[in-house]
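The structure under discussion appears below in the form of structure tokens.
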Ligand code: HEM
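The structure is reproduced here in structure tokens:
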């Protein structure tokens, strides 16, 4: 499936306008063939039913939220949680149970008390200051990766650069040997495919189990090795971390934490790098501006995060009935939050489908909000800002490879490109 330039966007806006029922629009959004052209349908859903109660996603009633104000309220509401109930959307029965159990042990879905304790322990090891120290290393890795492709004059930006940069950085940080990358390359992709909402095939469920068991065994061995020979990395810090009562993290929490740091620490940034570069290449005036004013890159990165974000969906559940907009959401029903729809809400962002690398202020929700706000956001910003800066500096002629079009992956939850061939 190819990407969607302006012409396709207009076509899909017209197609979406003909759809009169929100369920029909949601079906289009869940259709893997529409990945390149998602936003016209999100706009239409927001206009028809900004809070849609439906069982189309998990078979149980859930609320699909697409308005910025509702999304913000749900993310910040003290009685609305992300916990094991949010994992329901991945539950396909016993055939997929290891994946579901692993999710329940990650920071994203721990019960609130435990979440705050584990997040506190991870944060101790994972401060903005430590990221600052890593800034230099991030730039070094970027140059090393570009050195490898420079003489070829072309690369698949996703495969040769966007995947490798964040995965190398998070591996080095965690203490995962980069020689082991080939071992978990497939697990990483299988796990992302399994963590999709809507329908997943039996084969994806099977691969998801394989990936989960592979990761668990691998991390348990590595944790044991770190216990025997502590090092100055994040894994050793996690093993050593203790709260005020002297309690540390058990094996299941350590595995869940390593898993979420590795998975969340690379796929999201990889996808943002790919989609961000594509957005710039499809808006030559914006790219030209940045080439002449690289000091504008931090502001531009915020716009790229807003314009086409990698984490499209978050789940939440209210503990008590809550009022959202004009609707009453009953306790216990899952809210499916569409971050990407909120980031294009015209009530907050003027001309939301226009890429404006100078947009400021830019209160996008790409890193979430509240209790679960992205723990790695300063690191992600550093990787994105440095990557765009060095790419623009070293490859002033970088452009799309006309012979091979870019393509989105099928995933909706974690949106991204499967390939982005470029020449320079
Ligand atoms: C462009 C890159 C990134 C994007 C767009 C992104 C986005 C997000 C979002 C939206 C959430 C909140 C999910 C929710 O509320 O349900 C989140 C949580 C999280 N992110 Fe990121 N992220 C990125 C990069 C990273 C990196 C580099 C790391 C680690 C090195 C990381 C680690 C985490 C963790 C551990 C959580 C869970 C926090 C919690 O539940 O308390 N992320 N991220």
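Numbering (this note's numbering), first residue to last: 143 to 566. Backbone N, C-alpha and C define an ideal beta-carbon position, used for all residues, glycine too. The structure presented is a predicted model; accordingly, all values stated were derived computationally and were not measured.
Suppose the cutoff is 6 Å on Cβ atoms and the five residues either side in sequence are ignored; what does the same chain contact list for residue 411 look like? 308, 522 and 525
Just verifying my parser: in three-state terms, what is the DSSP assignment at residue 480? strand
May I have the straight-line CA-CA distance separating residue 401 from residue 370, to the nearest angstrom? 21 Å
For residue 509, verify whether its CB is less than 7 Å away from any heavy atom of the ligand HEM. yes
Endpoints, beta strand (DSSP E) assigned at residue 297: 296-298
Is residue 457 helix, strand or coil by DSSP? strand
In angstroms with no decimal places, state the Cα-to-Cα distance between residue 494 and residue 488. 6 Å
Can you pull the DSSP bridge partners for residue 563? 298
Any heavy atom of the ligand HEM closer than 7 Å to the CB of residue 460? no
Would residue 499 and residue 288 be called neighbours here (beta carbons separated by less than 8 Å)? no
Who are the near neighbours of residue 545 in its chain, counting only those whose CB is closer than 8 Å to its CB and skipping five residues on each side? 563
Local Cβ density within 10 Å of residue 144, reported as buried at 16 or more and exposed below that: Low per-residue confidence applies at residue 144: pLDDT is 42, beneath 50, and the placement is therefore not dependable, though the value from the model is reported in the following sentence. With fewer than 16 Cβ atoms within 10 Å of its Cβ, residue 144 is classed as exposed.
Grouping DSSP H, G and I as helix and E and B as strand, with all else coil, what is residue 465? strand
Can you determine whether any heavy atom of the ligand HEM sits closer than 7 Å to the C-beta of residue 406, and answer yes or no? yes
Between residue 385 and the rest of its own chain, which residues show a CB-CB distance below 6 Å, the 5 nearest in sequence each way excluded? 259
Going along the chain, which residues of its own chain have a beta-carbon closer than 8 Å to the beta-carbon of residue 163, five neighbours each way excluded? 190
Residue 513 versus residue 202 - alpha carbon distance: 26 Å
Have a look at the DSSP bridge pairing and note the partners of residue 329. Paired residue(s): none; residue 329 is not in a bridge.
Contact set for residue 154: own chain, Cβ-Cβ below 6 Å, skip 5 residues either direction: 179 and 182
Determine the closest residue to residue 422 out of 534, 277 and 160, with distance taken between C-alpha atoms. 534
Determine the burial state of residue 298: buried for a count of at least 16 other Cβ atoms within 10 Å of its Cβ, exposed for fewer. buried
Please determine, among 517, 460, 444 and 490, the residue with the shortest C-alpha to C-alpha distance to residue 119. This structure cannot speak to residue 119, because the chain is shown only from 143 to 566.
Using only CA atoms, which one of 213, 471 and 218 lies nearest to residue 484? 213
Where residue 239 falls: helix, strand or coil (DSSP): helix
Cβ-Cβ distance between residue 438 and residue 429 below 8 Å: no
CB of residue 453 to nearest heavy atom of the ligand HEM: below 7 Å? yes
Segments assigned alpha helix (DSSP H), at least 4 residues, entirely inside the region 476-557: 481-484 and 519-536
Residue 95 versus 472, 497 and 457, residue with shortest Cα-Cα distance: Residue 95 is absent from the model: the chain starts at 143 and stops at 566.
DSSP state of residue 144 mapped onto helix, strand, coil: At residue 144 the pLDDT is 42, less than 50, meaning the model places this residue with poor confidence and gives no usable figure here.
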